[in-house]
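I have placed the structure first, in the form of structure tokens, so that the comments after it can refer back to it.
Residue numbers (the numbering used here): 1 to 390.
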């Protein structure tokens, strides 16, 4: 599962530990160091029809943790035959305190765009990932007892926004109907004490999950979550137009080159960001790419139906349609930096003002910083959500 380190395998019955070498994750297919191009599938056996899993927990670098970080793999029926040809076999890691036989709250941590759960598992001495940081915080009495899970919802376009989309796949359903049950079958959890946190696209995902199934999660935390799309994406759309110039404004040509050689330099990140968001927000099976763009690549002007579909997914728009999901929460924590490069501090202020008008309880915090390098803020947010579930 996790590259490079020795781990241990724990049987679910005896929890007997055996030393083994943890190999590279089978979840992603590589060709000469790069992912297979979009639409290419690795040969695999048909998913099991009984239960979407074939593995047991394995400890990840047990010497590095006071608690237990265990990695598992599951074969998702919901992600099988997804439109991008991405793997249906996915990894999920779960951190638990050392003494964790009793049922505990469960917190999901959702990664931002171009990230996946594995990014939080780094044990490097100079830049430890969130899992090791919260493990140390718990050992020092600064982080409450709970289970923290790190799912992988990455796609060939860089992310799923944790939504169901005909152009990307059923990632929202995957989280609700496969990931959470998969975890709760293997570790004692408290179904009435579920939380979800995320940063950037992960923060957006946390908000959308709360709105999708009111009452499923009790506590939600969003750090610099996508919101107020006109503010957050205004400059990004123009940067994407500029990035498409070498391809004659043709997104399909860009994607073919990108999947042969992913390059996020210059305006490359803006282009793949806008294309991925379009696939998530504005899927269209009749369109050549399977989705509609929100702007004219040559003029930068907003164009419909793409842009309208984007706005339908904006939390600022959705709260006007139905705020039940937010109102049903026991705890809602919203955070952004005062120097956020995507202007999400202003979007967050608008969202919080509307929440206040609707008498929906929430926490609103701004810190002196930007969109990046927010490990401390994410650790604090995760801890507050976990504490609210205790």
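Where is the CB? At the ideal position from N, CA and C, for every residue including glycine.
Q | Test item: CB-CB of residue 90 and residue 152 under 8 Å | A | Their beta carbons are under 8 Å apart, which means residue 90 touches residue 152 by this criterion.
Q. For the putative contact between residue 335 and residue 389, defined by C-beta atoms under 8 Å, what is the C-beta separation to the nearest angstrom?
A. Going by Cβ atoms, the distance from residue 335 to residue 389 rounds to 17 Å, so no, they are not a contact pair.
(Q) Just to confirm the assignment, what range does the beta strand (DSSP E) spanning residue 331 have? (A) Per DSSP, the unbroken beta strand (DSSP E) holding residue 331 starts and ends at 331-337.
Q: Using DSSP bridges, identify the partner residues of residue 298.
A: Looking at the DSSP assignment, residue 298 forms no beta bridge with any residue, so it has no partner.
Q.
Short of 8 Å in beta carbon distance, which residues of its chain neighbour residue 387, apart from the five on each side in sequence? Order them along the chain.
A. Correct list, in chain order: 144.
Q) Below 8 Å, can you find three or more Cβ-Cβ pairs linking the region 210-227 to the region 325-343? A) Touching, yes.
Q.
Does the contact criterion of 3 or more C-beta pairs under 8 Å hold for the region 180-190 versus the region 295-311?
A. Not touching, per the Cβ criterion.
Q | For residue 347, the three-state DSSP class (helix, strand or coil) | A | Residue 347: helix per DSSP, three-state reduction.
Q | residue 141 to residue 155 span [Cα, whole Å] | A | If I take the Cα positions, the gap works out to 37 Å.
Q) Going by the beta-carbon positions, is the gap between residue 148 and residue 95 smaller than 8 Å? A) A contact, by the Cβ cut-off of 8 Å.
Q.
residue 87 and residue 167 - do their beta-carbons sit closer together than 8 Å?
A. The beta carbons of residue 167 and residue 87 sit no closer together than 8 Å.
Q. So residue 109 packs on residue 79, CB below 8 Å; how close in whole Å?
A. That pair is no contact at about 19 Å.
**Q.** Length of the line joining the Cα atoms of residue 363 and residue 314
**A.** Going from the Cα of residue 363 to the Cα of residue 314 covers about 20 Å.
Q: Could you round the C-beta distance between residue 104 and residue 276 to whole angstroms and report it? I think they count as a contact, below 8 Å.
A: By a beta-carbon distance limit of 8 Å, residue 104 does not contact residue 276. Their separation comes to about 34 Å.
Q) Do the region 278-298 and the region 238-256 touch if we need at least three Cβ pairs shorter than 8 Å? A) Contact holds: three or more Cβ-Cβ distances are below 8 Å.
(Q) Here's a check: name, in chain order, each residue in its chain whose Cβ is nearer than 7 Å to the Cβ of residue 341, leaving out the five neighbours to either side. (A) Excluding positions up to five away in sequence, the list reads 370 and 371.
Q | For residue 110, the first and last residue of its enclosing alpha helix (DSSP H) | A | Element bounds for residue 110: not the alpha helix (DSSP H) but the beta strand (DSSP E), 104-110.
Q) Shortest alpha-carbon distance to residue 231 belongs to which of 350, 272 and 135? A) For the residues 350, 272 and 135, the minimum Cα distance to residue 231 belongs to 350.
**Q.** Among 279, 69 and 242, nearest to residue 132 - alpha-carbon criterion
**A.** Answer by Cα proximity: 69.
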